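Take a look at the structure set out below.
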Amino acid sequence: MPTAEQLNLLVSNVVEPFTEKPLGELRMIRDTFVNGNDARVRIELPTPAYPDSKRLEELIRQRIKFAAPELEPRIEIHSTVRGKDTGGRIGLNIHNIIAVGSGKGGVGKSTVAASLACGLHSFGCRVGLMDADVYGPSIPHMMNAEGKPAATELQDEQGNRVMRIDPIDAGGVKLMSMGFFIEQGQSVVWRGPMLHKALTQFLKDTAWGELDYLIIDLPPGTGDVSLTLAQQVGLAGAVVVCTPQQVALLDAIKAVDMYQKVNVPILGFVENMTGEIFGRGGVQKVAQELRIPFLGEIPLNAAIREFSDRGQVMKMLMEENSARESLRTVCQNVAMQVFREIVKSPTGPVLEIL
Ligand SMILES: Nc1ncnc2c1ncn2[C@@H]1O[C@H](COP(=O)(O)OP(=O)(O)O)[C@@H](O)[C@H]1O
Ligand SMILES: [Mg+2]
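Note that my numbering numbers the sequence shown so that position 175 is 177, with each residue one more than the last.
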């Protein structure tokens, strides 16, 4: 019989299929245990949204069977969200901040942002959703949330006055929108610097608590806002939403260029509204050409519009329907791309929480 150390070594050489790196290097083995015939391997997935833990389990089993056929260990799978803990720069306890952007309005950016939040929540992650689209805040409606978040003025340890805004709970997702503070029918002209300051301040003052992921729905065509966020908050990366139409694609390419200029990792492209009207596959092709990950396609589907119009994005991700599978796949791909970015960065996987 191998010892626990030998078992550990064996498993640590198994290659994780999505990063193509060995489990040992990824620090995904929590522990190994051998006592006579009783043996156990505990694996720590980097996110509860890990796409195919059965396959990983099988790879581990095969490796053990090959080297130590007499051993039949139990394989326990846990998960802990890894993060860059970028929000720490402004005192937040958020492990991954993900911006959702596009070059153009109307491509389904808010739909994707809300679906990401609800989908990651449905996998068991702690999620916040920040609607930063001051020009057309649509997230509160999609999430069926209204009201004015409670704001309290407090004093910090240095005696400074600070604001504390409680996010609105939307089916388990912590939601904040600049729209909550704009009166109905009132139009607000946000000049650049004001918008930046307001956004960072909003993020800082909101009592998010500890989050695995914070999704930010950015206003369209906002290179400068992304720059501010990248500098002051730090981003795990950006998701670029695009439709298969040529014009939308050109705008998305511009958005990519902008993120690259401000050093925000591009998590990838999502093709939204795939189907007979707009076509299919164009976004994936461009992603390949630009060597940017492709995060999946979401079909043009009337059910999506109906769920979001009725304020039921959470329901769309929780219950069986024709849109759910494609949306969940995008969530999983985003979560895994965040992990790939963490593994890629020179410091390696940063922190393990829980
Ligand atoms: N895949 C889809 N199929 C059908 N309707 C969609 C899809 N994605 C988005 N929509 C609808 O298109 C409209 C615009 O989407 P929205 O997310 O508000 O775009 P943006 O935030 O980019 O302006 C909404 O009415 C939404 O419900
Ligand atoms: Mg929008």
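For every residue, glycine included, the Cβ atom is placed at its ideal position computed from N, Cα and C.
From a predicted model like this one, the values you see are computed outputs, not experimental measurements.
Going by DSSP in three states, residue i sits in which element: helix, strand or coil?
| i | result |
| --- | --- |
| Y358 | Lying before the first or after the last residue shown, residue 358 is absent from the chain, which here runs from 3 to 356. |
| A325 | coil |
| V266 | coil |
| P256 | The sequence given here places Lys at residue 256; Pro does not occur at that position. Of the three classes helix, strand and coil, the one that applies to K256 here is helix, per DSSP. |
| V43 | strand |
| D311 | helix |
| A115 | helix |
| D226 | helix |
| F271 | strand |
| G428 | Here the chain covers residues 3 to 356 and nothing more, so residue 428 does not appear. |
| V352 | Only weak support is given to the placement of V352: the predicted model assigns it a pLDDT of 43, under 50, and the value that follows is read from those uncertain coordinates. Looking at V352 - three-state DSSP - the assignment turns out to be coil, as it is neither helix nor strand. |
| F2 | Given that the chain is displayed from residue 3 to residue 356, the structure contains no residue 2 and the question cannot be resolved. |
| T49 | coil |
| T202 | helix |
| T5 | coil |
| V340 | helix |
| V136 | coil |
| L11 | helix |
| F183 | helix |
| P71 | coil |
Taking only heavy atoms of ligand 2 into account, decide whether any of them is closer than 7 Å to the Cβ of residue i.
| i | result |
| --- | --- |
| D87 | no |
| S14 | no |
| D219 | yes |
| D135 | yes |
| G138 | yes |
Throw me the rounded Cβ distance for the residue i and residue j pair, which I believe falls under 8 Å.
| i | j | result |
| --- | --- | --- |
| I66 | I45 | About 12 Å; that fails the 8 Å criterion. |
| F183 | P142 | No, F183 and P142 are not in contact; Cβ-Cβ is about 11 Å, not under 8 Å. |
| P246 | K106 | Not quite, the Cβ-Cβ distance comes to about 13 Å (not below 8 Å), so this is no contact. |
| V102 | V243 | 6 Å |
| M180 | A134 | 7 Å |
| G239 | I268 | 6 Å |
| I99 | G236 | 7 Å |
| A254 | V175 | Contact flag wrong, Cβ pair sits at about 26 Å. |
Say the cut is 7 Å; is the CB of residue i nearer than that to a heavy atom of ligand 1?
| i | result |
| --- | --- |
| G103 | no |
| L302 | yes |
| I306 | yes |
| S81 | no |
| G110 | yes |
| T113 | yes |
| M275 | yes |
| S179 | no |
| D214 | no |
| S324 | no |
| S55 | no |
| D311 | yes |
Look up residue i in the DSSP assignment and give the residues it is bridged to.
| i | result |
| --- | --- |
| G211 | G211 pairs with nothing; no bridge assigned. |
| F175 | The sequence shown places Val at residue 175, rather than the Phe named in the question. DSSP, once it has assigned bridges, lists A172 as partnering V175. |
| R166 | T154 |
| L131 | L177 and I217 |
| D33 | R44 |
| K23 | E18 |
| C244 | E273 |
ask   = Could you give the uninterrupted runs of the beta strand (DSSP E) lying entirely in the segment 77–118, keeping only those of 3 residues or more?
value = 96–103
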